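What follows is a set of notes on a single structure, which appears directly below.
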Amino acid sequence: MSFASIQSAEYAAKLLKEGKPELINQQPIGTGPFVFKSYQKDSNIRYTGNKDYWKPEDVKVDNLIFAITTDASVRMQKLK
Numbered sequence: 001m002s003f004a005s006i007q008s009a010e011y012a013a014k015l016l017k018e019g020k021p022e023l024i025n026q027q028p029i030g031t032g033p034f035v036f037k038s039y040q041k042d043s044n045i046r047y048t049g050n051k052d053y054w055k056p057e058d059v060k061v062d063n064l065i066f067a068i069t070t071d072a073s074v075r076m077q078k079l080k
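In structure tokens, the structure reads:
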């Protein structure tokens, strides 16, 4: 399932001009409390706390990891 997100039109246009539209999902940009660190397809997404975030007290963890589980039955077992 894909999820919608808001992306910079200028950044997307730049990637299209460079012939690298796939990088919009692999090298995202933003201004939130976390900074994208790495992405391993079908494995995980890693972020670090954004030390320059405008409200530093909201950055309560140094590292944030989203584990990706592609197998639905394994995903269900992890929830139990």
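At position 71 of the sequence shown the residue is numbered 71 (full-length UniProt numbering), and the sequence of numbers has no breaks. C-beta: ideal position from N, C-alpha, C; glycine also. This one's a predicted model, so the numbers in the text were calculated from it and none came from an experiment.
**Study point:** residue 161 versus residue 56: straight-line alpha-carbon distance, rounded
**Key:** Beyond the ends of the chain as shown, which are 1 and 80, falls residue 161; an answer cannot be given.
Practice item. Taking the CB atoms as reference points, tell me whether residue 64 and residue 39 lie closer together than 9 Å. Key: no
Point to revise | Boundaries of the alpha helix (DSSP H) in which residue 24 is found, first to last residue | key: 23-26
Practice item. Using beta-carbon positions only, say whether residue 68 and residue 42 come within less than 9 Å of one another. Key: yes
Check your understanding: residue 50 and residue 66: beta carbons closer than 9 Å?
Key -> no
Check your understanding: Given residue 30, which residues of its chain have a CB within under 8 Å of its CB, disregarding the five upstream and five downstream residues?
Key -> 36
Point to revise | residue 43 - DSSP class collapsed to helix/strand/coil | key: coil
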